[in-house]
Amino acid sequence: GMDALAPNLEAFLAPTYHPMAEGIALEGLRLVKEYLPRAVRNGQDIDARLQMLVASSMGATAFQRGLGAIHAVSHSIGALYDSHHGLLNAIVMPYVMQMNRPVIEAETARAARYLGLPHADFNGLLDWVLALRAELEIPHTLAEIGIDDSRAELIGEMSVKDVTARTNARQLSVDEYRQLFLNAVSGTL
5 GMDALAPNLE AFLAPTYHPM AEGIALEGLR LVKEYLPRAV RNGQDIDARL QMLVASSMGA
65 TAFQRGLGAI HAVSHSIGAL YDSHHGLLNA IVMPYVMQMN RPVIEAETAR AARYLGLPHA
125 DFNGLLDWVL ALRAELEIPH TLAEIGIDDS RAELIGEMSV KDVTARTNAR QLSVDEYRQL
185 FLNAVSGTL
């Protein structure tokens with residue numbers, strides 16, 4: 005389910021122009037908010053599972069607008085540590101949001117308003133992501149799934165070269181990707 009959230013979120017925040025994909029991504033976020041907790045609570049809830057299938061398909065459609073550092077880092081970690089892609093996306097998501105914060109404030113506020121979150125700003129969206137992860141029992145750090153910081157430099161080098169890095173909300177350097185990875189290992193938001 006978090007792997008449905010990641011492409012919708014990144015597509016919505018991508019700096020490219022594609023208004024249809026942007027709208028699809030925003031609605032995909034809403035479907036995840038409404039139906040992912042339901043689908044997890046009750047795997048027999050066919051409507052919730054259907055809506056998550058739709059949200060996932062919307063993410064796959066929307067990411068023609070672009071992806072970003074969530075996927076760039078997850079691809080790199082997954083290649084080196086043989087870890088589940090969706091889980092990696094879920095763990096690194098808030099760290100990427102924080103790294104991109106200087107350029108995504110307006111977009112995250114718009115998403116928070118659309119989702120009807122209590123605080124219609126960056127912090128409101130970040131708090132929702134963190135609360136959703138906690139509700140779904142997603143670990144807060146990469147260390148919790150056995151990933152250490154020994155390959156931080158390589159993760160930074162691989163991530164900056166990943167094709168999805170091109171449409172991150174802002175261009176990150178090798179050092180910024182390395183720091184992002186280290187933050188996700190240690191839990192430093």
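Its first residue numbered 5, the sequence shown is counted upward by one per residue in the working numbering.
We treat Cβ as the ideally placed atom computed from N, Cα and C, and that holds for glycine.
Only a predicted model underlies this, so the values are computations on that prediction, with no experimental measurement involved.
For Arg155, does the three-state DSSP call read helix, strand or coil?
Counting from 1 along the sequence shown, the entry for residue 155 is found at position 151. In this structure, Arg155 counts as coil in the three-state DSSP scheme.
Take Gly128 and list the residues in its own chain whose beta-carbon comes closer than 6 angstroms to its own, dropping the five residues that flank it on each side.
Locating residue 128 in the sequence shown gives position 124, counting from the first residue. Excluding positions up to five away in sequence, the list reads Ala116, Leu121.
Can at least three beta-carbon pairs, one atom from the region 134-147 and one from the region 50-68, be found at a separation below 8 angstroms?
no
Should Thr192 be labelled buried (16 or more other beta-carbon atoms within 10 Å of its own) or exposed?
Within the sequence shown, the letter at position 188 stands for residue 192. Thr192 is exposed by the Cβ-count criterion.
In terms of residue numbering, what span does the alpha helix (DSSP H) encompassing Thr65 cover?
Working through the sequence shown from its first residue, we reach residue 65 at position 61. Per DSSP, Thr65 belongs to the alpha helix (DSSP H) from 50-66.
Is the beta carbon of Ala173 sitting closer than 8 angstroms to the one on Ala18?
Taking the sequence shown and counting its residues from 1, one reaches residue 173 at position 169. Taking the sequence shown and counting its residues from 1, one reaches residue 18 at position 14. Contact: yes.
Quick check for students: name the residue ranges of the alpha helix (DSSP H) that lie wholly in the region 69-106, counting only runs of 4 or more.
Every unbroken stretch of the alpha helix (DSSP H) spanning 4 or more residues and falling wholly within the region 69-106 is given here in chain order: 73-85.
From which residue to which residue does the alpha helix (DSSP H) around Leu129 run?
Translated into positions along the sequence shown, residue 129 becomes position 125. 126-139 is the span of the alpha helix (DSSP H), which, as asked, contains Leu129.
Candidates Leu54, Leu176, Ile81, Ala43: which alpha carbon is nearest Arg105's?
On the sequence shown, position 101 is the one that residue 105 refers to. Here the closest residue by C-alpha is Leu176.
Give the DSSP-derived three-state secondary structure of Ser190 in the structure shown.
Counting from 1 along the sequence shown, the entry for residue 190 is found at position 186. Correct three-state label for Ser190: helix.
Thr145 versus Gly82: straight-line alpha-carbon distance, rounded:
Looking up residue 145 in the sequence shown gives position 141. Looking up residue 82 in the sequence shown gives position 78. Cα-Cα distance, rounded: 15 angstroms.
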